[in-house]
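K.L.:
Chains as they are written, first to last, in the working numbering: chain D, 25 to 341; chain A, 2 to 250. From the three backbone atoms N, C-alpha and C, an ideal C-beta is built for every residue, glycine too. Predicted model, so just to flag it, every value in this text is computed and none were measured. Have a look at the structure that comes next, please.
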Amino acid sequence: MSILVLAEHNNKELKSATLSAITAASQIDESIEVLVIGSECDEVNNKLKNIKLVKKIIAVDNSKYINPIAELISPIIVSLAGNYTHIIAPASTFGKNIMPRVAILLDVAQVSDIIKIESPDTFVRPIYAGNALATIQSSDTKKIITIRPTSFDPASIEGGVAEVEKLEFNSDISCTEFINRDENKSDRPELGTARIVISGGRGLGSSENFALLNDIADKLNAAVGASRAAVDAGYISNDSQVGQTGKVVVPDLYIAVGISGAIQHLAGMKESKIIVAINKDEEAPIFNVADYGLHGDLFDILPQLSSELDKLNTIQN
Amino acid sequence: MKILVTVKRVIDYNVQIRVKADGSGVETDNVKMSMNPPDENAVEEALRIKESGKADEVVVVSIGEDKAQETIRTALAMGADRGIHVKASQEIEPLSVAKILEKIVEKENPKIILMGKQAIDDDSNQTGQMLSAKLGWAQGTFVSKIDLQDESVIITREIDEGLEKIKTSLPVVATCDLRLNEPRYASLPNIMKAKKKPIDNYTPETLGVDVSLRIKQLKVEEPPKRTKGIMVADVAELVHKLKHEAKVI
Chain D
25 MSILVLAEHN NKELKSATLS AITAASQIDE SIEVLVIGSE CDEVNNKLKN IKLVKKIIAV
85 DNSKYINPIA ELISPIIVSL AGNYTHIIAP ASTFGKNIMP RVAILLDVAQ VSDIIKIESP
145 DTFVRPIYAG NALATIQSSD TKKIITIRPT SFDPASIEGG VAEVEKLEFN SDISCTEFIN
205 RDENKSDRPE LGTARIVISG GRGLGSSENF ALLNDIADKL NAAVGASRAA VDAGYISNDS
265 QVGQTGKVVV PDLYIAVGIS GAIQHLAGMK ESKIIVAINK DEEAPIFNVA DYGLHGDLFD
325 ILPQLSSELD KLNTIQN
Chain A
2 MKILVTVKRV IDYNVQIRVK ADGSGVETDN VKMSMNPPDE NAVEEALRIK ESGKADEVVV
62 VSIGEDKAQE TIRTALAMGA DRGIHVKASQ EIEPLSVAKI LEKIVEKENP KIILMGKQAI
122 DDDSNQTGQM LSAKLGWAQG TFVSKIDLQD ESVIITREID EGLEKIKTSL PVVATCDLRL
182 NEPRYASLPN IMKAKKKPID NYTPETLGVD VSLRIKQLKV EEPPKRTKGI MVADVAELVH
242 KLKHEAKVI
């Protein structure tokens with residue numbers, strides 16, 4: 025058995041979701057190879073070399089692969105597929121975009137977004153926005169899998185001695201070209217991996233009011249998230265959305281502010297260790313999943329919370 | 002130019018899901034069913050393209066049991082021109098759905114296929130990508146904006162890092178995000194009119210597609226329940242609890 029993990033990166037940095045995919049792969053078999061497709065990815069390869077679980081890195085390095093265009097990347101994976109029993113990628117928008125193409129080109133039914141590995145052919149995955157968990161068994165000889173990054177700890181980057189094998193590949197397409205990417209840069213921790221997340225909903229009322237959350241996020245070193253309602257209303261950009269069709273987060277502390285708690289939002293955060301809900305509607309369903317609920321007007325509560333955190337920091341210092 | 006739109010009948014997004022006691026699946030008897038939400042965005046977008054004069058026909062296809070016809074009728078009432086129902090009483094995996102749709106595409110020759118980015122029942126997020134690869138067409142996933150030019154499309158995609166813009170040639174498969182548009186409601190006269198619009202019928206067998214399952218569902222369980230916590234009186238108590246009880250700040 026040999027497993028191929030498709031690395032997600034931005035040509036410079038390895039995304040932590042890749043480390044989670046490597047951990048998932050290690051629960052199936054020890055023979056793990058990582059495929060890095062990109063342009064000038066030496067830093068990414070060097071990082072992967074240091075991971076003990078990784079046996080080999082296959083580097084397809086060419087300027088035409090600088091952006092992960094699915095139509096361009098999937099034929100590379102298909103051409104290598106013969107050597108592996110399992111091909112695994114993170115269930116991020118990167119992995120979701122590419123892997124189903126690989127699956128159908130190999131005539132395999134993909135197993136999406138798994139949260140647990142029972143055996144090399146049996147997996148657990150959430151369905152219905154996480155309101156049910158299905159245990160499923162794949163009968164395809166080759167398994168094409170995407171994993172939910174928050175369900176697998178990132179592999180540690182130490183003790184590795186993997187070799188890098190350069191591979192030339194000629195895939196060319198004319199149907200799709202990249203124009204640009206509008207990334208939201210922030211000094212705060214990344215939403216998907218932050219230890220603390222504070223999210224706002226429609227209750228915030230405007231994009232200006234998200235400044236109240238940003239202030240608290242800075243004091244807690246937290247990432248800022250949002251409900252779909254807040255994103256749809258234009259208060260904050262789409263990459264902040266937590267939920268069934270947004271990101272899944274599993275922080276130690278999740279603070280939901282002005283979020284009622286629709287099942288689609290709960291799907292993205294209900295595995296958090298501690299949940300705090302702040303809402304003016306006492307009947308809001310978010311209180312049913314919260315460890316600590318605070319009923320009241322967020323415009324009174326958030327400034328108070330900010331000053332309480334200041335007090336805490338002063339005492340600690 | 003013809004646009005093909007795919008729609009799926011799923012448990013309504015507002016329904017609280019109940020897992021069957023015997024672990025064989027989720028309860029669907031006497032449960033409200035609706036069109037998969039991002040499929041509504043796909044129908045809406047197709048209608049807007051047609052209304053702008055850039056397309057002349059919108060064809061809606063659904064795969065599933067008899068009642069999938071209701072979902073097709075909903076799309077016809079929104080304004081689609083005609084329907085195609087591929088009748089199947091058993092479960093159909095995304096891989097087989099893509100193969101069935103490939104056969105429909107051969108018959109219909111659309112230039113654009115619009116689909117929802119994922120179905121909210123199995124949350125697989127596969128079919129559009131599979132269909133695109135199978136057809137060898139351009140792909141645009143998680144689409145929040147479509148700008149149709151003469152022989153190409155500028156597509157804005159919602160990705161984890163923010164927004165990505167790509168340009169694709171035609172034909173193209175695009176999977177729609179909920180933010181693409183605001184789907185319209187069908188008016189009563191249009192609901193009446195939709196009853197007269199034609200729906201063609203096929204089955205996987207008549208299309209020659211093997212739909213045997215590759216993935217076996219062994220069991221379905223409820224996720225672990227969170228126990229409801231406590232209400233705190235004020236911010237000071239909240240911060241104290243987070244600091245000393247939960248120890249997370």
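Answer with yes or no whether the minimum CB distance from A/PRO184 to chain D is below 8 Å.
P.N.:
False, the Cβ-Cβ gap to chain D never drops below 8 Å.
K.L.:
Please report whether the beta-carbon of D/LEU342 lies at a distance below 8 Å from any beta-carbon of chain A.
P.N.:
There is simply no residue 342 of chain D to check, as chain D begins at 25 and stops at 341 in what is shown.
K.L.:
Could you tell me whether the Cβ of D/ARG205 comes closer than 8 Å to any Cβ of chain A?
P.N.:
Answer yes: the Cβ-Cβ gap between D/ARG205 and chain A drops below 8 Å somewhere.
K.L.:
Going by alpha carbons, who is nearest to D/LYS140 out of D/VAL132, D/ALA153 and D/ALA158?
P.N.:
Minimum Cα distance to D/LYS140 is reached at D/ALA158.
K.L.:
As a quick exercise: from D/PRO309, D/LEU38 and D/LEU28, pick the residue whose alpha carbon is nearest that of D/ILE168.
P.N.:
The residue with the shortest Cα to Cα distance from D/ILE168 is D/LEU28.
K.L.:
So A/LEU77 and A/VAL61 are in contact, right, with Cβ under 8 Å, and what is the actual spacing, rounded?
P.N.:
Yes, they are in contact, since the Cβ atoms of A/LEU77 and A/VAL61 sit about 7 Å apart, within 8 Å.
K.L.:
Can you check the segment 151 to 204 of chain D for any beta strand (DSSP E) of at least 3 residues that lies completely inside it and give the ranges in chain order?
P.N.:
You should have 156 to 162, 167 to 171 and 187 to 190.
K.L.:
Within the segment 77 to 150 of chain A, note down every full beta strand (DSSP E) run reaching 3 residues or more, in order along the chain.
P.N.:
Listed in chain order, the complete beta strand (DSSP E) runs (minimum 3 residues) inside the segment 77 to 150 of chain A are 83 to 88, 113 to 117 and 139 to 149.
K.L.:
Determine the direct distance from the alpha carbon of A/PRO205 to that of A/GLU103, and round the result to whole angstroms.
P.N.:
The straight-line gap from Cα to Cα measures roughly 12 Å.
K.L.:
Report the rounded CA-to-CA distance for D/ILE97 versus D/GLU192, giving the unit in angstroms.
P.N.:
Each residue's alpha carbon lies about 13 Å from the other.
K.L.:
Look at the alpha carbon of D/LYS36 and the alpha carbon of D/SER44, and state the distance between them as a whole number of angstroms.
P.N.:
Cα to Cα, D/LYS36 sits roughly 18 Å from D/SER44.
K.L.:
Thinking C-alpha only, which one of D/GLY154, D/ILE46 and D/GLY106 is nearest D/ILE112?
P.N.:
The residue with the shortest Cα to Cα distance from D/ILE112 is D/ILE46.
K.L.:
Based on the DSSP output, what are the partners of A/LYS68 in its beta bridges?
P.N.:
Answer is none; A/LYS68 lacks a bridge partner.
K.L.:
Shortest alpha-carbon distance to A/ASP123 belongs to which of D/PRO144, D/ILE61, D/ILE299 and D/VAL135?
P.N.:
Checking every option, the nearest Cα to that of A/ASP123 belongs to D/VAL135.
K.L.:
Please report the residue range of the beta strand (DSSP E) in which D/GLU57 lies.
P.N.:
Element bounds for D/GLU57: 56 to 62.
K.L.:
Please report the residue range of the beta strand (DSSP E) in which A/THR169 lies.
P.N.:
Counting along the chain, the beta strand (DSSP E) containing A/THR169 begins and ends at 163 to 170.
K.L.:
Using the Cβ count rule (16 or more neighbours within 10 Å means buried), how would you classify D/VAL337?
P.N.:
Looking at the sequence itself, residue 337 of chain D is Asn, so the reference to Val does not match. Looking at its Cβ environment, which holds fewer than 16 other Cβ atoms inside 10 Å, D/ASN337 is exposed.
K.L.:
So, are the CB atoms of A/ASP161 and D/LYS271 less than 8 Å apart?
P.N.:
For A/ASP161 and D/LYS271, yes; Cβs fall inside 8 Å.
K.L.:
If you follow the beta strand (DSSP E) that A/GLN218 is in, where does it begin and where does it stop?
P.N.:
Looking at the DSSP string, the run of the beta strand (DSSP E) that includes A/GLN218 is 216 to 222.
K.L.:
Using a Cβ-Cβ distance under 8 Å, would A/ASP40 count as near chain D?
P.N.:
Output row for A/ASP40: interface = no.
K.L.:
Determine the closest residue to A/VAL249 out of D/GLY285, D/TYR316, D/LEU237 and D/ALA291, with distance taken between C-alpha atoms.
P.N.:
Cα-wise, what sits closest to A/VAL249 is D/TYR316.
K.L.:
With a threshold of 8 Å, are at least 3 pairs of Cβ atoms found where one atom belongs to the segment 230 to 245 of chain A and the other to the segment 183 to 198 of chain D?
P.N.:
Output reads no: the segment 183 to 198 of chain D does not touch the segment 230 to 245 of chain A.
K.L.:
Throw me the rounded Cβ distance for the D/LEU215 and A/VAL240 pair, which I believe falls under 8 Å.
P.N.:
In fact, because the Cβ distance is near 23 Å, the residues do not count as touching under 8 Å.
K.L.:
Between D/TYR152 and chain A, is the shortest Cβ-Cβ distance under 8 Å, so that the two count as touching?
P.N.:
Judged by the 8 Å Cβ criterion, D/TYR152 is in contact with chain A.
K.L.:
So with CB distances below 8 Å, who are the chain D contacts of A/ARG83?
P.N.:
The premise fails here: A/ARG83 is roughly 27 Å from chain D at the closest Cβ pair, so nothing lies under 8 Å.
K.L.:
Kindly indicate which residue of D/PRO124, D/PRO150 and D/ASP164 has the alpha-carbon position closest to the one of A/THR128.
P.N.:
That would be D/PRO124, whose Cα lies nearest to the Cα of A/THR128.
K.L.:
Considering only residues of the segment 34 to 106 of chain D, which uninterrupted alpha helix (DSSP H) runs meet the minimum length of 4 residues and lie entirely inside it, listed in chain order?
P.N.:
Taking only runs of at least 4 residues, the alpha helix (DSSP H) segments lying wholly in the segment 34 to 106 of chain D are 40 to 50, 66 to 73 and 94 to 104.
K.L.:
Considering only residues of the segment 101 to 139 of chain D, which uninterrupted alpha helix (DSSP H) runs meet the minimum length of 4 residues and lie entirely inside it, listed in chain order?
P.N.:
Entirely contained in the segment 101 to 139 of chain D, the alpha helix (DSSP H) runs reaching 4 residues are, in chain order, 117 to 129.
K.L.:
Just how far apart, CA to CA, sit D/ALA31 and D/VAL248?
P.N.:
Approximately 26 Å between the Cα atoms of the pair.
K.L.:
Counting only C-beta atoms, is D/LYS36 closer than 8 Å to chain A at any point?
P.N.:
Chain A contact via Cβ: absent.
K.L.:
Buried or exposed: which applies to A/ILE231, given that a residue is buried once 16 or more other Cβ atoms fall within 10 Å of its Cβ?
P.N.:
Label assigned to A/ILE231: exposed.
K.L.:
Pick from D/THR42, D/ASN262 and D/SER210: whose alpha carbon is nearest that of D/GLU57?
P.N.:
Comparing Cα positions, the closest option is D/THR42.
K.L.:
Can you list, in chain order, the residues of its chain whose CB lies under 6 Å from that of D/ALA253, leaving out five sequence neighbours each side?
P.N.:
Result list for D/ALA253: GLY225 and ARG226, in chain order.
K.L.:
Within this structure, are the beta carbons of D/GLN268 and D/ALA291 separated by less than 8 Å?
P.N.:
Contact flag set, yes.
K.L.:
Can you pull the chain C neighbours of D/ILE128, defined as C-beta to C-beta under 7 Å?
P.N.:
Looking for chain C here will not work: the only protein chains present are D and A.
K.L.:
Where does the unbroken beta strand (DSSP E) through D/ASP305 begin, and where does it stop?
P.N.:
Per DSSP, D/ASP305 belongs to no beta strand (DSSP E) and is neither H nor E.
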